[in-house]
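This report concerns only the one structure given below.
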Amino acid sequence: MMDYDVIVPIYKMKTDFLDRCLQSIADQTHTEWKCFISDGTPEDWEDYEEMMDIVNKYVEQDSKKFIYLRQSGKGVSQARNEAISLGCAPYVAFLDGDDYWYPTHLEWLTETIEESDDHVVIWWDCSDIVIQFPMSSGEVHTMQRIASFFDDADKCRQDLGHTYYYFMGHPPMTSNVIVTRERFEAVDGFDEELQMAEDTDCWMRMVGDPRKVDTTYGFGQLAAAGGWHEIGPHQTISGGQQTSAAEGGDPLAVFQEQVTRIIVPRHPRPTIEDKPEGVSDEYWFWLVESTGGIGRSRMLVGNTPYNEIDDRKSWL
Numbered sequence: 212m213m214d215y216d217v218i219v220p221i222y223k224m225k226t227d228f229l230d231r232c233l234q235s236i237a238d239q240t241h242t243e244w245k246c247f248i249s250d251g252t253p254e255d256w257e258d259y260e261e262m263m264d265i266v267n268k269y270v271e272q273d274s275k276k277f278i279y280l281r282q283s284g285k286g287v288s289q290a291r292n293e294a295i296s297l298g299c300a301p302y303v304a305f306l307d308g309d310d311y312w313y314p315t316h317l318e319w320l321t322e323t324i325e326e327s328d329d330h331v332v333i334w335w336d337c338s339d340i341v342i343q344f345p346m347s348s349g350e351v352h353t354m355q356r357i358a359s360f361f362d363d364a365d366k367c368r369q370d371l372g373h374t375y376y377y378f379m380g381h382p383p384m385t386s387n388v389i390v391t392r393e394r395f396e397a398v399d400g401f402d403e404e405l406q407m408a409e410d411t412d413c414w415m416r417m418v419g420d421p422r423k424v425d426t427t428y429g430f431g432q433l434a435a436a437g438g439w440h441e442i443g444p445h446q447t448i449s450g451g452q453q454t455s456a457a458e459g460g461d462p463l464a465v466f467q468e469q470v471t472r473i474i475v476p477r478h479p480r481p482t483i484e485d486k487p488e489g490v491s492d493e494y495w496f497w498l499v500e501s502t503g504g505i506g507r508s509r510m511l512v513g514n515t516p517y518n519e520i521d522d523r524k525s526w527l
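Its first residue numbered 212, the sequence shown is counted upward by one per residue in our numbering.
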């Protein structure tokens, strides 16, 4: 059986979201996993006891499956890195505390791993998604869709290391991703200085920039939705807020500074001068245009909730 360490960072998490998240892990049809809950919530937060009641419910049900830790540092990257360091499973899966998985999430990923060619990053290419828009009236408009990546994965020349470029324009949601522990540790995990895009930065370092390294690694993409992702005013993920990453100031301004200082020098977009021998101009122009820098380029592909679709693996 394939073993997973499931990493759940939490910070001032709403109890109904957290309960839903942890229950979705407990309900997995693939049962070889341990869940590490990394908590950066201040103990004087007004809803701390209620949040801990949810955590303790799962830890008390099975303390070998659900492991709770108080985060020793700050930021979502530090929270995840610390939790990962406590585990030993060969594969690491990620789930944010306000998201949840469908029951076959790990089962189908396991099938993909067994059929893959030693990929170091594997993910579902879409999610059920709920987007909440605060209105000037004070009301919140809710839109439910299926969010998917543009269908470009098959065009990407993984044999030439172009996985790296693919991630520039098509970074997966963290809650959709699993990685190999060996490769994750080889790149020293998440960059704890980054407040945003720390996940995409990590995946790109894992697969390797073909302009800088001799050995690059591939990815696997599973053409189905494996869970539910929420975007709205309740979030503690956005803007680097998750697990107390931001220490005041404007998080977007901090992120823009980090983009200029860290991300752009580390992950420059490909140019025509970078085109390898034997690659057509048409393909290379497509690749350059599809990168777009680190950002989440997705498309919404319908109004139907994923869990109402009969054939969940083939709807794309």
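In this text, a Cβ means the ideal position worked out from N, Cα and C, and glycines have one as well.
Helix, strand or coil at residue i according to DSSP, with G and I counted as helix
i    : result
A457 : Confidence at A457 is low in this model, with a pLDDT of 42, below 50, so its placement is unreliable and no value can be given for it.
D310 : coil
T391 : strand
Q432 : strand
K268 : helix
K285 : coil
D328 : coil
Y215 : strand
L498 : helix
S249 : strand
A304 : strand
Y222 : coil
F277 : strand
W334 : strand
W244 : strand
T471 : helix
D227 : helix
A408 : coil
P462 : helix
Q452 : Unreliable positioning characterises Q452 in this predicted model, as indicated by a pLDDT of 43, which lies under 50. The coordinate reading is nonetheless provided below. Q452 falls in the coil class under three-state DSSP.
Q369 : helix
M384 : coil
D492 : helix
T427 : coil
R416 : helix
S296 : helix
Cβ distance (whole Å) where residue i is taken to contact residue j below 8 angstroms
i    : j    : result
G308 : Q282 : Not confirmed; about 13 angstroms, so no contact.
F305 : V388 : 5 angstroms
G400 : I474 : No, G400 and I474 are not in contact; Cβ-Cβ is about 17 angstroms, not under 8 angstroms.
D216 : K245 : 6 angstroms
S386 : D273 : With 8 angstroms as the limit, S386 and D273 do not qualify as a contact, their Cβ atoms being about 22 angstroms apart.
R291 : S235 : Their Cβ separation, rounded to whole angstroms, is 18 angstroms, which puts R291 and S235 out of contact at 8 angstroms.
T321 : M213 : 5 angstroms
Same chain, Cβ closer than 7 angstroms to residue i, neighbours up to 5 away in sequence not counted
i    : result
M262 : M224, T226, L229 and T252
S327 : I333 and G431
A456 : Confidence is the limiting factor: at A456 the pLDDT is only 42, short of 50, which leaves the residue's position unreliable, though a coordinate-based value still follows. Taken in chain order, the residues that qualify are K285, G286, V287 and Q406.
G419 : G372, Y375, T426, T427 and Y428
T240 : P314, T315 and E318
Of the listed residues the options, nearest to residue i (C-alpha basis)
i    : options                   : result
V331 : D365, V398 and S288       : V398
P462 : E404, D264 and S347       : E404
V390 : E257, W335, E260 and S491 : W335
M415 : T502, D273 and K268       : T502
P383 : E493, E396, E393 and D410 : D410
E293 : I218, D412 and D238       : I218
R394 : H478, I324, M213 and C413 : C413
G247 : F466, P479, L498 and V266 : According to the sequence as given, residue 247 is Phe; it is not Gly. Nearest C-alpha to F247: V266.
Y259 : T240, T242 and I221       : I221
H381 : E500, E488, R477 and W256 : E500
D238 : Y313, E254 and Q289       : Y313
Own chain partners of residue i with C-beta closer than 6 angstroms, once the 5 adjacent residues on each side are dropped
i    : result
K366 : none
V270 : F277 and Y279
W495 : K486
Q369 : G429
L233 : Y269
Residue i at chain D interface by Cβ criterion, 8 angstroms
i    : result
D273 : Looking for chain D here will not work: only one protein chain is present.
Close Cβ partners of residue i (< 8 angstroms) along its chain, the five nearest in sequence each way excluded
i    : result
S348 : none
Segment contact flag, the region 362–378 with the region 297–306, C-beta cutoff 8 angstroms, min 3 pairs | no
Inspect the CB distances between the region 477–489 and the region 424–431 and report whether three or more fall short of 8 angstroms.
-> Output reads no: the region 424–431 does not touch the region 477–489.
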